[in-house]
Amino acid sequence: MEKNTIYKDIALKKYNSWKVGGAAEQLYICADKDLLSEGINHKKISPPFTFIGLGSNLLIRDGGVKGTVIIMHGGLSEINLENNLFYAEAGVSCSKLAKFIARNSFMYSAFLAGIPGTIGGALAMNAGCYGSEIWNFVETVLVINDKGEQFKRSKNEYITQYRKVINKKKLDEYFLAAYMQFPKGIREEAEEDIRVLLKKRKESQPLNWPTAGSTFRNPPNHFAAKLIEECGLKGFTIGGAQISKKHANFIINLGNASAFDIEELINHTITKVLEITKICLETEIKIIGEY
Ligand SMILES: Cc1cc2nc3c(=O)[nH]c(=O)nc-3n(C[C@H](O)[C@H](O)[C@H](O)COP(=O)(O)OP(=O)(O)OC[C@H]3O[C@@H](n4cnc5c(N)ncnc54)[C@H](O)[C@@H]3O)c2cc1C
């Protein structure tokens, strides 16, 4: 598909890692941030907007998404290092940035290597693992609003929490890029850290199935996976959606799941865990679109 072009009624299955969901009323594949600004500003790209990275944290309902879905991956792909500051556009994959940081002999990027999303998605979710989160390393971000205006914002304009980012002024803005700082170190050590982390993830996660990673947030002082497992739900299946036998916080698509199957399984899990443990699970994944 051509970049900077608006398509109508496009199936979104290939734009999310669960491989489910309906169609986008309109779909726009981002080419460059100024073309995006121009398109929004001249009303060629019409609201409401849904920005999507690699769709690795998204459940898109079977009824599809109204308005324009803006795909960042593949378009906003610039990445560079200047004066010890890393610049990465929203469409860059987390693994690409992690490797770029390590190759330039900077440390602590390994946590990003196994996150199968984009920098834009990671900024929106405050993605992280093994004790690190992306906003720990962010200095400033470049954002765009619903009018197509671009602004640079500093980290202290946001409240960043576990898998949650709130603009203090509640502005409706989307991420275009981030400027980040990582500590200087030794290339071989940084690259070895990435290899070790990827091996660890491969051993513990069902990475060969369509999934969106951790479905639920860990409740305070608990692990969602442990709670789900203790309720005997590992392997529980609705339609084509199954709670992974390898990692109970992952829901996998066995091949023919609908978004409805996945949402039913999510709701069933919440009900069962609440009934048995009195703890109410909340989703980490974002659910969008129409039934
Ligand atoms: C196998 C697997 C393992 C995973 N492991 C981890 C992990 O260890 N840690 C972790 O934190 N997550 C993990 N995830 C979840 C997911 O990869 C992250 O949340 C990731 O940051 C999402 O990025 P994305 O580009 O796919 O975002 P998407 O799924 O496309 O979008 C996620 C949310 O961000 C919004 N968004 C996307 N781009 C932008 C933008 N440019 N501006 C504003 N909003 C935007 C979307 O509208 C949506 O609300 C995993 C997922 C999978 C499938």
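Just so you know, we're using our numbering here: the sequence shown kicks off at 1450 and counts up by one.
Glycine included, every Cβ here is placed at the ideal spot set by N, Cα and C.
Here the structure is a predicted model, which means the values were calculated and not measured.
(Q) What ranges does the alpha helix (DSSP H) occupy inside the segment 1700 to 1738, keeping only unbroken runs of at least 4 residues that lie completely in it? (A) 1708 to 1726
Q: Kindly list the residues whose CB is nearer than 6 Å to the CB of Trp1584, restricted to its own chain and excluding five residues on each side of it in sequence; keep chain order.
A: Asn1575, Thr1609
Q.
Need the endpoints of the beta strand (DSSP E) that Phe1624 sits in, please.
A. 1622 to 1629
Q. Of the choices Leu1485, Gly1516, Ile1715, whose alpha-carbon is the least far from that of Phe1498?
A. Gly1516
Q.
If contact is defined by three or more beta carbon pairs under 8 Å, each pair taking one atom from either stretch, is the segment 1455 to 1465 in contact with the segment 1488 to 1507?
A. yes
Q.
Alpha carbons only, please: which of Ile1478, Gly1738, Glu1724, Phe1549 is nearest the one belonging to Leu1530?
A. Phe1549
(Q) Relative to the C-alpha of Leu1647, which candidate in Phe1699, Ser1558, Phe1600 has its C-alpha closest? (A) Ser1558
Q: Name, in chain order, the residues that DSSP records as bridge partners for Phe1472.
A: Note that residue 1472 is Ala in the sequence shown, not Phe. DSSP output for Ala1472 lists Ala1460 as bridge partner(s).
(Q) I'd like to know if the segment 1713 to 1729 and the segment 1655 to 1662 are in contact, where contact means that at least 3 CB-CB pairs between them fall below 8 Å. (A) no
Q | Thr1682 to Phe1535 span [Cα, whole Å] | A | Rather than Thr, the amino acid found at residue 1682 in this sequence is Leu. Their backbone Cα atoms lie some 43 Å apart in a straight line.
Q | Contact test: Met1521 Cβ vs ligand 1 heavy atom, cutoff 7 Å | A | yes
(Q) Does the beta-carbon of Arg1666, which I'm using as the reference point, lie nearer than 7 Å to any heavy atom of ligand 1? (A) no
Q) From what residue to what residue does the beta strand (DSSP E) around Ile1635 run? A) Taken as a continuous stretch (DSSP letters only), Ile1635 belongs to no beta strand (DSSP E), as it is neither H nor E.
Q. With a cut-off of 8 Å, do at least 3 Cβ pairs link the segment 1562 to 1577 to the segment 1599 to 1614?
A. yes
Q) Comparing the CB of Ile1608 with every heavy atom of ligand 1, is any distance shorter than 7 Å? A) no
Q: Pick helix, strand or coil for Ile1564, following the three-state DSSP scheme.
A: coil
Q: Kindly indicate which three-state DSSP category Ile1550 falls into: helix, strand or coil?
A: helix
Q) Where Thr1589 and Gly1688 are concerned, what is the direct C-alpha to C-alpha distance, given to the nearest angstrom? A) 44 Å
**Q.** Distance, Leu1508 Cα to Glu1538 Cα
**A.** 24 Å
Q: My understanding is that Glu1733 touches Ser1663, with C-beta atoms under 8 Å, so please give their C-beta distance in whole angstroms.
A: 5 Å
**Q.** Residues sharing a beta bridge with Val1741, DSSP
**A.** A query on residue 1741 cannot be resolved here, the shown segment of the chain reaching from 1450 to 1740 and no further.
Q | Element boundaries [alpha helix (DSSP H), containing Ile1692] | A | Run containing Ile1692: none in the alpha helix (DSSP H); it sits in the beta strand (DSSP E), 1690 to 1692.
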